[in-house]
Structures are given as C-alpha cells and as structure tokens.
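Everything below concerns the one structure shown next.
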Amino acid sequence: MKKRSLFSSLLVLGLAGVVLAGCGGGSSDSRTSSSKSESNEKVTIVGSTALQLLVEQAASKYQDANKGVTITVQGGGSGTGLSQVQAGSVTIGNSDIFAEQQSGIDAKKIEDHKVAVVGMTPVVNSDVTVKNLSMSQLKDIFTGKVTNWKDVGGKDEKITVVNRAKGSGTRATFEGAVLGGESAVKAQEQDSNGTVQKIVSTTPGAISYLAFSYAKTDGLHTLSLDNVAPTDKNITTNKWKIWSYEHMYTNGKAKGQARKFIDYMLSDDVQGSLVKKLGYISIHDMKVKKDANGKVSE
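Here the sequence shown stands for residues -21 to -1, 1 to 277, numbered as in mature numbering (1 follows the signal peptide of the UniProt record, and there is no 0).
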C-alpha cells in the first residue's frame, strides 16, 4: 500500500509539473507575441503643417532605432488632425490649437500631449522696405483697412495679403493674437506653411505669417511688432505674443508605439537638439503657460 501510495503521489506531482510547464510556456509565447506585435505596429500621424517638419524628422530617427516600426506623417491642418484622431482614423492628430478651440471636437475624448512650442511671425516679400509694424497696423492690414505699404512707412506698393485656410491652427493662433475678434479681409488662402512660404517669397508686396521654422528663407523677411523681435527668448516670456503649443492628440490614453513615440518626442534627444535645430522652442524652456482660453500665466 505504501509503495502504491508513493507511486500515486509521484504521478500527481509529475502531471502537475507538466501542466505548470505548459502554462509557463503559454505565458512566454504570449509575451513574445505581444512584443513582436508592438514592434511591427504602424503609427499614422496627421494634422498641423507647422508641426509636421519636426515630427517627420523625429519619426525618421525613431524608426532607425526601432526596426519594424512604421510611422507615417502627413499634413492637412490642425482641424483635420483633430477630427481624424477623434474618429479613430489615425493614431495621432497634430494640432497648433487646443481641442477645445475647434468646433465639433469633444476634448474629453482625446488626450493632449504638448511636445513643443511654435512661434508665428508676419513675413513679407523681400522687396518690402518695412521692418517694423505696430500691432494695430498689422491688424489694419489683415482686416483690409490698409492696402498700400506707403500708409505704414513703406514705398508706394500694393499690399497682397495671403491668408491660411480655415481650419488651420496657425491661422487661429494668428487671428486670436492680432485681430481681436474682427474678420480677416477676403484674400487668397493656402493650406500649408510651405505653400505660403513660396507664394510670399515670389510675390512683390505680399504679406502673410509663418511658423518660425519656415520663416528663414530667401525671398522674404520677418517683421518686428511694436519693436519686439520674433525670437525664441521673447516667446518664452510671452513678450512676443503670437505663439502656440504644438499638440499631439491621441484617442484616449496613448499606448503601444504611439505612447513610446510621444515619450521620445519629449526626450532630451528631441527637445535638446532637434526641436531647436528646426526652429521650434522646447516645451521645457517656457517661463509661462497658456490655457485653452488664451490666458497666459507664470
């Protein structure tokens, strides 16, 4: 009886070991499968053209270091980025404005990740002799009250206004800071910083506005406002008023490669080098904060 009892006990222990080994093997396979799935994940990012340049270059570096990850970056404007991420059509929606500022967007359903700050500046064709305007003069130009450069200290030359398309975060930021609720003059509208850059640089008398990262190019120059220059330092203290956060929105909590890529965007590798190299301002350098209502505080 004792021998049979001992044999039975060993048999039970052996079977238990097999079961446990099987369970352990399944867990390992599950972790391996999850790891492989995440490493092969595709991330689609759409929206702000002001942020597009930074995200494209950061994505390129990230993919080099994370083989198998595919990140696709496209423009389309902040309105497009917000609406598509809310609909679940893309992984990340880039925006120059808070979700609360865009009609049709439920800010409670998407999560905000501020990854940089972008300054925006009025730019003019290089043949324009004006170097400085008051904020009220700039407002008069973009509301159609002033139509010739001679009326603001320049030569006798027609002013050609180039605006951004409706839905553009850059336009919303510029108009919020400059127009004070008044309507912009009817003018040609373009949907990207790059297109505006080309038109202003090749059109005598033209004026528009660009993100800092697009403002340094042949054929155009920036304007100071009330004798304040459009510099990174002036933005960090809100001395230069035309700026916004660069947001990367996710539908709910960011996870997987989207979470890892956003963390990478906030890392020293991007904030300490790529951000500044491309003309943006590190989120870590700001001395002030701005809320969705445009209120600035220390």
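In this text, a Cβ means the ideal position worked out from N, Cα and C, and glycines have one as well.
{"Query": "So, with DSSP's three-state summary, where would you put GLY231?", "Result": "strand"}
{"Query": "If I measure Cβ to Cβ from SER203 and keep anything under 8 angstroms in the same chain, skipping five residues before and after, which residues do I get?", "Result": "LYS110, ASN111, LEU112, PRO209"}
{"Query": "I'd like to check one pair, GLN236 with GLU20: are the Cβ atoms closer than 8 angstroms?", "Result": "yes"}
{"Query": "How is GLY155 classed by DSSP in three states: helix, strand or coil?", "Result": "helix"}
{"Query": "Would DSSP call ASP264 helix, strand or coil?", "Result": "helix"}
{"Query": "Residues in the same chain with beta-carbon distance under 7 angstroms from ASN217, minus the five sequence neighbours each way, listed in chain order, please.", "Result": "VAL267, VAL275"}
{"Query": "Using the Cα positions of GLN65 and ILE89, report the straight-line distance between them to the nearest angstrom.", "Result": "6 angstroms"}
{"Query": "Suppose you measure from the CA of ALA37 to the CA of GLY258; what does that come to, to the nearest Å?", "Result": "14 angstroms"}
{"Query": "Determine contact between the segment 86 to 103 and the segment 226 to 236, defined as no fewer than three beta-carbon pairs at a distance below 8 angstroms.", "Result": "yes"}
{"Query": "So, at 7 angstroms on beta carbons, what are the nonlocal neighbours of GLU79 in its own chain, with the 5 sequence-adjacent residues on each side left out?", "Result": "ALA86, ALA271"}
{"Query": "Just mark ASP43 as buried or exposed, buried being the case when its beta carbon has 16 or more other beta carbons within 10 Å.", "Result": "exposed"}
{"Query": "Starting from ILE221 and walking both ways along the alpha helix (DSSP H), at which residues does that stretch end?", "Result": "Unbroken run through ILE221: none, as it is neither H nor E."}
{"Query": "Shortest alpha-carbon distance to ILE71 belongs to which of LEU158, GLY54, GLN81, GLY83?", "Result": "GLY54"}
{"Query": "Which term fits ASP247, buried or exposed, when burial requires 16 or more other beta carbons within 10 angstroms of its beta carbon?", "Result": "exposed"}
{"Query": "Under the three-state reduction of DSSP, which class applies to ASP85: helix, strand or coil?", "Result": "coil"}
{"Query": "Okay, do the segment 97 to 109 and the segment 184 to 197 touch, 3+ Cβ pairs below 8 angstroms being the bar?", "Result": "yes"}
{"Query": "Within the segment 39 to 104, note down every full beta strand (DSSP E) run reaching 3 residues or more, in order along the chain.", "Result": "49 to 55, 71 to 74, 89 to 104"}
{"Query": "If I measure Cβ to Cβ from SER261 and keep anything under 8 angstroms in the same chain, skipping five residues before and after, which residues do I get?", "Result": "ALA95, VAL96, GLN250, GLY251, VAL254, LYS255"}
{"Query": "Do VAL125 and GLN116 have their CB atoms nearer than 8 angstroms?", "Result": "yes"}
{"Query": "Report yes if the C-beta distance between SER147 and SER57 is below 8 angstroms; otherwise report no.", "Result": "yes"}
{"Query": "Using a Cβ-Cβ cut-off of 8 angstroms (strictly less than) and excluding sequence neighbours within five positions of GLU277, which residues of its own chain qualify?", "Result": "LYS266, VAL267, LYS268"}
{"Query": "Specify, as a first and last residue, the run of the alpha helix (DSSP H) that SER147 falls within.", "Result": "Neither: SER147 is in no alpha helix (DSSP H) and is coded neither H nor E."}
{"Query": "With distances taken between CB atoms, is the gap from LEU184 to LYS137 smaller than 8 angstroms?", "Result": "Note on identity: in this sequence residue 184 is Gly, with Leu being the wrong assignment. Yes, Cβ-Cβ distance for GLY184 and LYS137 is below 8 angstroms."}
{"Query": "Considering only residues of the same chain and omitting the five flanking positions on each side of THR28, which have a CB-CB separation below 6 angstroms?", "Result": "GLY54, SER171, ASN172"}
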